[in-house]
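Here the protein sequences line up with chains A and B, keeping their order. Just so it is clear: in the first sequence, position 99 is 99 by the UniProt record's numbering, and no numbers are missing. Just so it is clear: in the second sequence, position 32 is 32 by the UniProt record's numbering, and no numbers are missing. Ideal placement from N, C-alpha and C gives every residue a C-beta, glycine not left out. Contents: one structure, followed by commentary.
2 protein chains.
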Amino acid sequence: MIKDERLEQILEHVSRVRSVSLTDLSTSLNVSEDTIRRDIKILSDKGLLKAVRGGAVAHSPIPHHYRAREKHDMAQKRIVASKALHFIKDGQVIFLDGGTSIQALAELIPADMKITVVTHSFPVVSVLEDHPTADVIFAGGRLCKTAFTTIGYETIKAFKNFRADLCLISVCSIHPSMGLTTVDHEEAQVKRTMMEMAGQTIALSTMDKLNTAESYYIGPVTDVDIIVTDTEPNDERLNVYKQAGITIF
Amino acid sequence: MIKDERLEQILEHVSRVRSVSLTDLSTSLNVSEDTIRRDIKILSDKGLLKAVRGGAVAHSPIPHHYRAREKHDMAQKRIVASKALHFIKDGQVIFLDGGTSIQALAELIPADMKITVVTHSFPVVSVLEDHPTADVIFAGGRLCKTAFTTIGYETIKAFKNFRADLCLISVCSIHPSMGLTTVDHEEAQVKRTMMEMAGQTIALSTMDKLNTAESYYIGPVTDVDIIVTDTEPNDERLNVYKQAGITIF
DNA sequence: TTTAAGTTTGCAATAAATTGCAATTAAGTC
DNA sequence: GACTTAATTGCAATTTATTGCAAACTTAAA
């Protein structure tokens, strides 16, 4: 096994179970504890996890690393993405948020579609860079090294220069009374701005994000016009959102 | 099996599984590890994957490739980059332009260096995304699909929000009397803005760019303070620039 | 077809990085 | 304070990279 592979696996493992011991990793990856110790040093130097005595823990308030989310639940995310795709029409100006669901959506946009995309997500740009007719505008700002997006004042200012027909955001947590929340303060501000500057907001959410809440408030659930999930629209768990006047797909 | 075929297969494999070992590729493609190693070197020089000890890994979701332009002269560019590196000091705010020389420079920035980088180049972000202490700010704008940078009004406005200690630009063409020129109108404007907003400008140029000119004017040669090339500073071809008051390295 | 120039490939020798081990030092626990 | 566990350090063994070189192979032109 090559070193980078091991580092990835350690990261993935830590982001799943939050804390892990040297001995566990040593046996499961089949290398000595010294090596694991050195690996953890490398990862903690990059700020991707926190080294503690005897092992490592995930960085508490910092969102999980994009690479770890990348392969998680990909099938569900594609279902959500393909449903959301129907709302995108030729000629529109569209805001695309970060996140793996949105990336999956970007991958599905037909090659002959003429749209203007404004995004703060590097993976989305990476996908659309090959798109022949999409006009892509990147909302700059400070690099968020874990989510592969930009955040902060500059990003917000960039989005404020546009009026979008459609805003597609990825949901971190959504709750009937607690509203839309996320794990990072600045990310919350960016999402709020995106929704403000768009005519219609569509939230992409897999069922596991529903009825959960995080620390930072984005806005009430009524800020979104449509929720797209990976289940049937008549699923009873969605009734509470329908009652709030939100369309479900 | 023909070489190009092998390169394709390596690329395809890496993009599927994210990381591969030399031995695996060696057995599956039925050539020696040396050959695979050389193949990986070629692909990594083109920026299509990342060579690591024992194999290769796919680059991050941030685009990292200049597929359009074939990369040559990587050795020369690394010479230029390593010379330019000496001018970067801890604590500075630095503008980084697009181009492969600048990308090579970004790769050489030590992991413990605390700097703020403002760039409009996706490949540069891709490199610095792994950097633990660099604060990276991306100057957004319209995506230039050929150069993997952003250009246009938004980009210029973004750079105008910063005052940099140092501006490192890649040279397209430089000529004693015709000045700095490039092949694209909007790119020229961005470069001009970057130089305006920085205290000191360093131009990275291989010798083949010297004494040539393109269609779009950026500014006089005296706009740059230092030229870094891949040859000795006392090369007689550089005298004319020295006479203009430019420092040569 | 044959020759000649240029590539590509595998091999060997050397250089460099990674890894595991053992001894020492430091940190936590009772 | 004694005991246990973990971290650090130096060192040796192993693995991987790099370099030079010669053989095999391509390509293009004679």
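Original post:
With which residues is Ser19 (chain B) paired in a DSSP beta bridge?
Top reply: Its beta-bridge partners are B:Val57.
Subject >> For Ala198 (chain B): DSSP bridge partner residues >> reply: B:Ala164
Original post:
Does Ser44 (chain B) get closer than 9 Å to chain A when you measure Cβ to Cβ?
Top reply: no
**OP:** With DSSP collapsed to three states, give me the class of Thr229 (chain B).
**Re:** Residue state for Thr229 (chain B) is assigned as coil, using DSSP reduced to three classes.
**OP:** Since I believe Thr150 (chain B) is in contact with residue 250 (chain B) (beta carbons under 8 Å), could you give me their beta-carbon distance rounded to a whole number of angstroms?
**Re:** An answer regarding residue 250 (chain B) cannot be provided, because it is not within the stretch 1 to 249 covered by chain B.
**OP:** Could you work out which residues of chain A lie near Val57 (chain B), taking near to mean beta carbons separated by less than 7 Å?
**Re:** Asp4, listed in chain order.
Subject >> Spatial distance of Thr27 (chain A) from Thr27 (chain B) (CA atoms) >> reply: 27 Å
Original post:
Going along chain B in order, which residues have a C-beta closer than 9 Å to the C-beta of Ile137 (chain A)?
Top reply: Gly140, Gly141, Arg142, Leu143, Thr150, Gly152 and Glu154
Subject >> Three-state secondary structure assigned by DSSP to Ser190 (chain A) >> reply: Per the sequence presented here, residue 190 (chain A) reads as Val, with Ser not at that position. In the structure shown, Val190 (chain A) sits in a helix (DSSP, three-state: H, G or I).
**OP:** Answer with yes or no whether the minimum CB distance from Asn211 (chain B) to chain A is below 9 Å.
**Re:** Not one chain A Cβ lies under 9 Å of Asn211 (chain B).
Original post:
Among the residues of its own chain, which have a CB less than 6 Å from the CB of Arg67 (chain B), if the five just before and after it don't count?
Top reply: Its pLDDT being 47, under 50, Arg67 (chain B) is placed unreliably by the model, and nothing is read from it.
Original post:
In terms of alpha-carbon separation, which member of A:Gly55, A:Glu8, A:Glu5 and A:Ile42 lies closest to Asp24 (chain A)?
Top reply: A:Gly55
**OP:** Kindly list, in the order they appear in chain A, the residues whose Cβ is closer than 8 Å to that of Gly54 (chain B).
**Re:** Residues of chain A whose Cβ lies closer than 8 Å to the Cβ of Gly54 (chain B) are, in chain order, Ile2 and Lys3.
**OP:** Work out the CA separation of Asp97 (chain B) and Gly179 (chain B) for me, nearest whole Å.
**Re:** 18 Å
**OP:** Tell me whether residue 250 (chain A) sits in a helix, a strand or coil according to DSSP, three-state version.
**Re:** Given a span of 1 to 249 for chain A in the structure shown, any question on residue 250 (chain A) remains unanswerable.
Original post:
Could one say the Cβ of Ser126 (chain A) lies closer than 9 Å to chain B's Cβ atoms, at least one of them?
Top reply: yes
Original post:
Ends of the beta strand (DSSP E) at Leu180 (chain B)?
Top reply: Unbroken beta strand (DSSP E) run through Leu180 (chain B): Gly179 to Thr182.
Subject >> Supposed close pair Ala164 (chain B), Gly141 (chain B) - CB separation, criterion 8 Å >> reply: Going by Cβ atoms, the distance from Ala164 (chain B) to Gly141 (chain B) rounds to 17 Å, so no, they are not a contact pair.
Subject >> Residue-level contact to chain A via CB, His120 (chain B), 9 Å cutoff >> reply: Against chain A, the CB of His120 (chain B) has a partner CB under 9 Å away; the residue lies at that interface.
Original post:
Does Gly99 (chain A) get closer than 9 Å to chain B when you measure Cβ to Cβ?
Top reply: Chain B, which has no Cβ nearer than 9 Å to the Cβ of Gly99 (chain A), makes this no.
**OP:** Between the Cα of Asp225 (chain A) and those of A:Thr155, A:Thr231, A:Glu196 and A:Asp112, spot the shortest distance and give me the residue it belongs to.
**Re:** A:Glu196
Subject >> Nonlocal neighbours in the same chain, by C-beta distance under 6 Å from Val14 (chain B), ignoring five residues either side >> reply: Val20, Leu49, Ala56 and Ala58
**OP:** Answer yes or no: does any C-beta atom of chain B fall closer than 9 Å to that of Ala188 (chain A)?
**Re:** no
**OP:** Taking 8 Å as the threshold, find out whether the stretch 189–205 of chain B comes into contact with the stretch 225–235 of chain B through three or more Cβ pairs.
**Re:** yes
Original post:
Straight-line CA distance for Gly47 (chain A) to Glu154 (chain A)?
Top reply: Straight through space, the alpha carbons of Glu154 (chain A) and Gly47 (chain A) are spaced by roughly 23 Å.
Original post:
On the premise that Ala51 (chain B) lies in contact with Ile40 (chain B), defined as a C-beta separation below 8 Å, what is that separation, rounded to the nearest angstrom?
Top reply: 5 Å
Original post:
Is Ala134 (chain A) near the ligand ZN, in the sense that its beta carbon is under 8 Å from a heavy atom of that ligand?
Top reply: This structure does not include the ligand ZN; it has no bound ligands of any sort.
Subject >> Length-filtered (4 minimum) alpha helix (DSSP H) runs lying within the stretch 122–173 of chain B >> reply: 122–128 and 153–159
**OP:** Tell me whether Leu11 (chain A) is buried or exposed, calling it buried when 16 or more other Cβ atoms sit within 10 Å of its Cβ.
**Re:** buried
Original post:
Should Pro123 (chain B) be labelled buried (16 or more other beta-carbon atoms within 10 Å of its own) or exposed?
Top reply: buried
Original post:
Looking only at its own chain, which residues have a Cβ that is under 8 Å from the Cβ of Glu70 (chain B), when we skip the five neighbours before and after it?
Top reply: Residue placement at Glu70 (chain B) cannot be trusted, given a pLDDT of 47 that sits under 50; the coordinates are not used to answer.
Original post:
For His175 (chain A), which beta-bridge partners are listed by DSSP?
Top reply: A:Gly179
Subject >> Coil, strand or helix - Ala203 (chain B) by DSSP >> reply: Three-state DSSP puts Ala203 (chain B) in a strand.
Original post:
So is Asn239 (chain B) in contact with chain A if we call contact Cβ pairs under 9 Å?
Top reply: no
Subject >> Against chain A: residues of the stretch 14–25 of chain B by CB proximity under 9 Å >> reply: Arg18, Ser19, Val20, Ser21 and Leu22
Original post:
What's the C-alpha gap between Val190 (chain A) and Gly152 (chain A)?
Top reply: 7 Å
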